[in-house]
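Notes follow once the structure below has been shown.
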DNA sequence: TATTTTGTTCGTATGGTTCCGAACCAAACA
DNA sequence: TGTTTGGTTCGGAACCATACGAACAAAATA
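Okay, structure coming up:
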């Protein structure tokens, strides 16, 4: 057997480490669990385009358990891709960084909100204050408008080759 | 003194209560603390357009402390407005429901992300894998494009009177 | 079959958030 | 000035998410 061909542990200089931490905090604020956020940040900063489980554990200082669940969350939300190299057993992970992911989430969020608001309008009925109802209706109209337009923007961007 | 002219405690039928709970959970998932989320939901569903502190405490079943901090968070993020009625000491709260709040947050988020990504690109330098760098650059371009276009959409919506 | 590699899962511990009740405070009223 | 009203702040308890280490599992290797 080849004498432990361990991929060279990722080397980051201090500013790069700080960046991983910064984007980690940022992603946490937008809903990622801490371990997922750091993993994703590291994948974006690493000179290597893909890293192994081992690399992540060694570089981030998280335990294997944390890395394992962190990776699972990233996969569930389609943030990373994974592959194996021929002849190797371990898996390598790569950040998936499409422009759509943010927009799609935003649209899904708005769509769910829109449904809720409509239900709310119906439940308020006619006896309730009309001003709030009117505001709700305006919000619904705007959200519909926004969804259509965002779809158009995405299409335009795709068509443009990538800008 | 007028014999305790307490505003009639809000009356919600069960489907309305469920709706408040549903939108409460939804808002929680988007970052509101539970008490803020329920307060906001109740303000949207109540037949009265504005409610007092008292009303909120009595209807939601939260303690005064929770309502107090919940209101503070809503004020900080500009989700509610507050006023007093002449001759009364208590304050009345109303949900603020502009179309912009969601979009503005989204744009602010994207703007911050964009800054971070650019910093990241710079820190990766030229020795790092170019594919990831290219993805990052494409993301930055898209985010800029998106921000400009969203600004345009908002302007168009405003101009249209409200759709 | 024994051993190493590559992870996953489980039980426990810990940290952070949010709640409640109580104490507190400021304004109005008496 | 004493009391009521309206609301904030504090201390402790409860809860939830997440981390860690250890045990476990599956696949390759020997």
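Residue numbers (this note's numbering), protein chains in the order written: chain S, 1 to 163; chain L, 164 to 326. Just so you know, even glycine gets a beta-carbon here, dropped at the ideal spot from N, CA and C.
In the DSSP assignment, find the unbroken beta strand (DSSP E) run with residue 128 of chain S in it and report its ends.
-> For this step, residue 128 of chain S is matched to residue 128 along the first chain. Segment: none, residue 128 of chain S is in no beta strand (DSSP E) and carries neither H nor E.
Please check the pair residue 49 of chain S and residue 284 of chain L, which I expect to be a contact at CB under 8 Å, by giving their CB distance rounded to whole angstroms.
-> Walking along the first chain from the start, residue 49 of chain S turns up at place 49. Walking along the second chain from the start, residue 284 of chain L turns up at place 121. 14 Å between Cβ atoms; not a contact.
Rounded to whole angstroms, how far is the Cβ of residue 214 of chain L from the Cβ of residue 256 of chain L, which I believe are closer than 8 Å?
-> Working through the second chain from its first residue, we reach residue 214 of chain L at position 51. Working through the second chain from its first residue, we reach residue 256 of chain L at position 93. Confirmed, Cβ separation roughly 6 Å.
Looking only at C-alpha atoms, which of S:70, S:69, S:65, S:46 sits nearest to residue 59 of chain S?
-> For the purposes of this step, residue 59 of chain S is identified with residue 59 of the first chain, where counting begins at 1. Of S:70, S:69, S:65, S:46, the residue nearest in Cα terms is S:46.
Extent of the continuous beta strand (DSSP E) run through residue 244 of chain L = Taking the first residue of the second chain as 1, we reach residue 244 of chain L at position 81. That run of the beta strand (DSSP E) goes 243-247.
Check the Cβ-Cβ distances between residue 155 of chain S and every residue of chain L, and say whether any is below 9 Å.
-> Along the first chain, one-based indexing puts residue 155 of chain S at 155. No, because no Cβ of chain L sits closer than 9 Å to the Cβ of residue 155 of chain S.
Write down every uninterrupted run of the alpha helix (DSSP H) in the segment 189-254 of chain L whose length is 4 residues or greater and which is fully enclosed by it, in chain order.
-> As far as the segment 189-254 of chain L is concerned, its whole alpha helix (DSSP H) runs of at least 4 residues are 197-208, 216-223, 227-239.
Taking 8 Å as the line, does the beta carbon of residue 80 of chain S fall inside it for any heavy atom of the ligand ZN?
-> The ligand ZN is absent from the structure shown, which contains no ligands of any kind.
Drop a sphere of 10 angstroms on the beta-carbon of residue 90 of chain S, count the other beta-carbons inside from all chains shown, and report buried for 16 or more, exposed for fewer.
-> Locating residue 90 of chain S in the first chain gives position 90, where the first residue counts as 1. Per the 10 Å Cβ criterion, exposed.
According to the Cβ coordinates, are residue 61 of chain S and residue 40 of chain S closer than 9 Å?
-> What you label residue 61 of chain S is simply residue 61 of the first chain in a count that begins at 1. What you label residue 40 of chain S is simply residue 40 of the first chain in a count that begins at 1. Not a contact, by the Cβ cut-off of 9 Å.
Alpha-carbon to alpha-carbon, residue 36 of chain S and residue 69 of chain S = Position 69 of the first chain, counted from the first residue, corresponds to residue 69 of chain S. Position 36 of the first chain, counted from the first residue, corresponds to residue 36 of chain S. Going by the C-alpha atoms only, they are around 8 Å apart.
Using a Cβ-Cβ distance under 9 Å, would residue 104 of chain S count as near chain L?
-> Numbered from 1 along the first chain, position 104 holds the residue referred to as residue 104 of chain S. No, residue 104 of chain S lies away from the interface with chain L (no Cβ there is under 9 Å from its Cβ).
Is residue 313 of chain L near residue 266 of chain L, with beta carbons less than 9 Å apart?
-> Counted from its first residue, the second chain places residue 313 of chain L at position 150. Counted from its first residue, the second chain places residue 266 of chain L at position 103. Yes, the Cβ-Cβ distance between residue 313 of chain L and residue 266 of chain L is below 9 Å.
Does the beta carbon of residue 78 of chain S come closer than 9 Å to any beta carbon on chain L?
-> The residue labelled residue 78 of chain S in the question sits at position 78 within the first chain. No, no contact with chain L.
Separation of residue 43 of chain S from residue 16 of chain S, as counted between CA atoms = On the first chain, position 16 is the one that residue 16 of chain S refers to. On the first chain, position 43 is the one that residue 43 of chain S refers to. About 12 Å.
Nearest neighbour of residue 240 of chain L, chosen from L:261, L:309, L:218, L:315 [CA to CA] = Translated into positions along the second chain, residue 240 of chain L becomes position 77. Distances from the alpha-carbon of residue 240 of chain L to those of L:261, L:309, L:218, L:315 put L:261 closest.
For residue 257 of chain L, which three-state DSSP category applies?
-> Translated into the one-based positions of the second chain, residue 257 of chain L becomes position 94. Strand, per DSSP.
3 or more residues per run - each beta strand (DSSP E) lying fully within the segment 102-157 of chain S = none
Helix, strand or coil for residue 262 of chain L per DSSP?
-> Here residue 262 of chain L refers to the residue found at position 99 of the second chain. Residue 262 of chain L: coil per DSSP, three-state reduction.
CB residue 274 of chain L to CB residue 310 of chain L, shorter than 9 Å?
-> Against the second chain, residue 274 of chain L aligns to sequence position 111. Against the second chain, residue 310 of chain L aligns to sequence position 147. Their beta carbons are under 9 Å apart, which means residue 274 of chain L touches residue 310 of chain L by this criterion.
Chain S contact residues for residue 322 of chain L, given Cβ-Cβ distances below 7 Å | Along the second chain, read from residue 1 onward, the residue named residue 322 of chain L stands at position 159. The contacting residues do not exist; residue 322 of chain L stays about 12 Å from chain S at best.
Alpha carbon to alpha carbon, what distance is there between residue 160 of chain S and residue 32 of chain S?
-> Locating residue 32 of chain S in the first chain gives position 32, counting from the first residue. Locating residue 160 of chain S in the first chain gives position 160, counting from the first residue. Roughly 31 Å between the two C-alpha positions.
In three-state DSSP terms, what is residue 20 of chain S?
-> For the purposes of this step, residue 20 of chain S is identified with residue 20 of the first chain, where counting begins at 1. Residue 20 of chain S falls in the helix class under three-state DSSP.
Is any beta-carbon of chain L found at less than 9 Å from that of residue 10 of chain S?
-> Taking the first chain and counting its residues from 1, the one referred to as residue 10 of chain S is at position 10. It does not: the Cβ of residue 10 of chain S has no partner Cβ on chain L nearer than 9 Å.
Beta carbon proximity, residue 179 of chain L to chain S, threshold 9 Å | Within the second chain, numbered from 1, the residue matching residue 179 of chain L stands at position 16. So yes, residue 179 of chain L belongs to the interface.
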